[in-house]
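Start counting at 1 in the sequence shown, then tack on 264, and there's your number in the working numbering. Structure first, then comments.
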Amino acid sequence: MPIATHHPLTPDDDDHDLPREVGSAVSEVRPIDRSLVERLDSASWIPDVVVVGFLFLIVFGSGLIHIESFPPLFFDEGWTVCVARTWVEIGHYGCLLRGEPAPPSLAAHFPVVASVAASFTLFGVGVWQTRLVGLLYTFGAFLLLYLLTHRLYARSIAIAALALLLLVPLKWSIHPLYIGRQVLGEMPLLCFLLAGFVCFLRSRQRPLWLAAAIVCWALALMTKAQVAPFFIASFAGTMVLLGLRRNWSAVWELGVAMIGSWGGFRFFLEAKGWLLNGHTMSHPPIDGMTEAIALVFVPAIRLETMQLLFVSWAEYPLGLAYAAWRLHRTSGSHDRASLEGTTQTMLILLAGSWLAWFAFLSAGEPRYALPGLFLAAPFTAALFHEATRGFNVAFVSSTLAGLVQRRRVTSEGLKAVVVVVLLVMMGWVAVQERYAFRAREDDRDLFEVTQYLNTSTPPTALIETYDSELFLFLQRPYTYALPRILVEIIRREQGHAQTVTYDPLQGTPDYLVIGEYGRWAGFYTPLIQEGRIRLLKTVGRYQIYEPLRS
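Spelled out as structure tokens, the structure:
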């Protein structure tokens with residue numbers, strides 16, 4: 265697949281960023297009529313400041329509603345906020361175990377923890393302080409997606425990409441506004457990745473922008489280890505395609521960017537080690553975690569993920585496939601590639617490889633697909649724009665009417681049918697998710713149970729729990745299962761004949777608190793069935809037990 269020039273409807277208002285020979289090659293192949301672009305871009309009248317203001321209101325307006333309590337803090341977040349709290353309060357980068365410093369366990373990577381710790385330092389320790397960080401990254405990710413799509417295509421397509429992500433919930437649990445209220449790595453990752461691509465698009469005659477892109481991509485690699493193979497595939501695949509067209513200068517530039525990003529990532533890791541020297545503890549590698557999450561061959565899981573991607577979310581792989589085909593079709597008659605075409609190819613390979621991994625190899629958690637879906641949104645929006653001639657409803661209606669009346673299949677008629685089918689499927693998924701959404705559950709139970717434990721138990725009481733969100737507010741020493749136990753739990757859930765070896769009473773706790781993840785873990789159930797612990801109190805979704813001493 266060769267690298268393409270601009271999309272046929274792309275405003276070429278940034279040609280000054282291209283070398284003279286590249287710009288001339290682009291214009292010779294497909295000259296662009298600026299007045300035509302403005303007429304076809306149905307959103308050209310909307311100022312960027314209006315879009316930015318609307319995004320700000322949507323992200324922060326929705327995000328600040330019940331920010332203190334909804335959605336409830338959960339297992340993944342609990343480890344991150346635990347490390348951030350401990351770092352801010354006692355200077356140790358890690359959790360506590362039985363009141364003593366311990367490794368950071370299952371916390372998110374350093375950029376996420378550091379962001380939360382900064383918020384705690386400025387505003388104090390609490391739930392809304394953690395959520396504020398997520399909202400900032402979410403706003404940044406949406407804004408950068410808009411800027412990137414506007415540059416690659418047109419303003420109307422950029423707005424459509426935002427509308428696609430905001431108005432069509434694939435699953436409420438992975439809606440960007442929902443995920444953005446949580447302390448997770450996905451939105452920071454997307455923010456850094458997209459910032460890198462936006463900087464890269466301005467780097468042709470401004471080398472400092474390439475340096476900025478490298479820094480952003482290095483931070484992305486540091487934010488979530490999961491991105492590394494797809495990031496490398498994006499760069500390496502694009503370099504191979506450029507090499508086949510003998511565009512060696514572009515290959516060299518991408519090679520520098522890829523090596524620089526990896527080198528920056530390693531530098532940041534060293535800087536982190538220097539910063540935390542004497543303030544953290546390393547923990548042994550978690551054997552089997554990669555296989556348990558990233559390389560899963562359970563048939564039922566594979567069927568479910570393929571059904572999600574290719575049926576429920578079909579518009580995204582179709583958008584990527586269409587964008588790849590369009591790049592191939594529009595770039596075969598010239599030797600050079602535009603910066604925009606190169607960036608499109610990189611994004612297609614990044615999003616495509618990510619979604620392929622989700623469908624064919626991942627453990628099947630829908631959240632794993634979010635980065636790939638988010639990055640694919642511009643291409644899906646471009647597909648709808650092209651098939652509807654600029655989101656022209658009248659054109660689609662007349663095309664369908666002509667198809668029925670004349671009973672003659674045309675390419676425009678097929679596009680209109682595809683659009684209608686996709687819209688119906690998207691509407692059906694949105695309706696299903698509307699009824700699946702439950703907004704009633706909040707963090708009142710968390711506040712109540714930690715208040716009870718902090719006031720109704722002795723100051724030295726040892727609390728055993730696997731629900732890590734309690735650690736943010738507990739003022740008692742606590743103990744928990746080590747990270748390797750999570751691998752055993754996941755393997756058991758995937759149907760492997762494996763027992764979970766953790767004994768919650770081995771640390772002689774004074775109380776056990778069992779919430780949603782404690783019940784999921786399953787290692788408390790035998791204790792209840794055998795009568796080895798006694799229920800003291802139920803607080804919403806939490807149960808407090810006391811061991812029965814013999």
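Ideal Cβ positions, reconstructed from N, Cα and C, are used throughout, including at glycine.
- Between M486 and F532, the gap from beta carbon to beta carbon is short of 8 Å.
- A check of alpha carbon separations from W618 across F638, V515, L603, G605 identifies F638 as the nearest.
- Cβ contact annotation for T789 (same chain, cutoff 6 Å, sequence separation greater than five): none.
- The Cβ neighbour count for D312, taken over all protein chains shown within 10 Å, is under 16; the residue is labelled exposed.
- Counting only unbroken stretches of 4 or more residues, the alpha helix (DSSP H) elements lying wholly within the segment 443 to 507 are 450 to 464, 471 to 487, in sequence order.
- With contact defined as three or more Cβ pairs closer than 8 Å, the segment 403 to 413 and the segment 340 to 356 are not in contact.
- Collapsing the DSSP output to three states places V685 in a helix.
- Taken in chain order, the complete alpha helix (DSSP H) segments of 4 or more residues contained in the segment 745 to 774 are 747 to 757.
- Collapsing the DSSP output to three states places V515 in a helix.
- Collapsing the DSSP output to three states places P722 in coil.
- Linking G358 to M545 through their CA atoms gives a straight-line distance of about 7 Å.
- According to the DSSP secondary-structure assignment, K801 is paired through a beta bridge with I808.
- Around the beta carbon of A427, fewer than 16 other beta carbons lie within 10 angstroms, which makes this residue exposed.
- Beta-bridge analysis with DSSP links I727 to Y742, Y775.
- Taking 8 Å as the cut-off, the beta carbon of Y806 is found closer than this to the beta carbon of V777.
- Listed in chain order, the non-local C-beta contacts of V316 below 7 Å within the same chain comprise L407, local neighbours out to five positions each way being set aside.
- Counting other Cβ atoms within 10 Å of its Cβ, A535 stays below 16 and is therefore classed as exposed.
- The segment 324 to 336 makes no contact with the segment 361 to 373, as fewer than three CB pairs between them are under 8 Å.
- The residues I331, S383, F387, in chain order, have a CB closer than 8 Å to that of L396 in the same chain once the five nearest residues on each side in sequence are set aside.
- In the three-state scheme derived from DSSP, where H, G and I count as helix and E and B as strand, Y632 is classed as helix.
- CA-CA distance, G542 to S379, rounds to 21 Å.
- In this structure P811 is in contact with P773, their Cβ atoms being roughly 7 Å apart against a cut-off of 8 Å.
- F643 is not a Cβ neighbour of S420, given a cutoff of 8 Å.
- If you draw a straight line from the Cα of V314 to the Cα of W512, it comes to about 41 Å.
- Rounded to whole angstroms, the gap between the alpha carbons of W436 and I443 is 9 Å.
- When the five nearest sequence neighbours on each side are left out, the beta carbons in the same chain lying within less than 7 Å of the beta carbon of E579 are those of T644, L686, M690, in order along the chain.
- The C-beta distance from L613 to T502 rounds to 6 Å, short enough to fall under 8 Å.
- Judged by DSSP in its simplified three-state form, Y716 adopts helix.
- DSSP places G327 inside the alpha helix (DSSP H), whose first and last residues are 312 to 327.
- Residue environment analysis places R798 among the exposed positions, since fewer than 16 neighbouring C-beta atoms fall within 10 angstroms of its C-beta.
- In the structure shown, P365 falls within a strand segment according to DSSP collapsed to helix, strand and coil.
- No Cβ-Cβ contact shorter than 8 Å links V376 with P493.
- Annotated three-state conformation of T394 is helix, per DSSP.
- Closest in alpha carbon position to L738, among G390, R566, S626, L634, is G390.
- In the three-state DSSP reduction, L360 falls in the strand class (E or B).
- I478 is classed as buried because its beta carbon has at least 16 other beta carbons within 10 Å across all chains shown.
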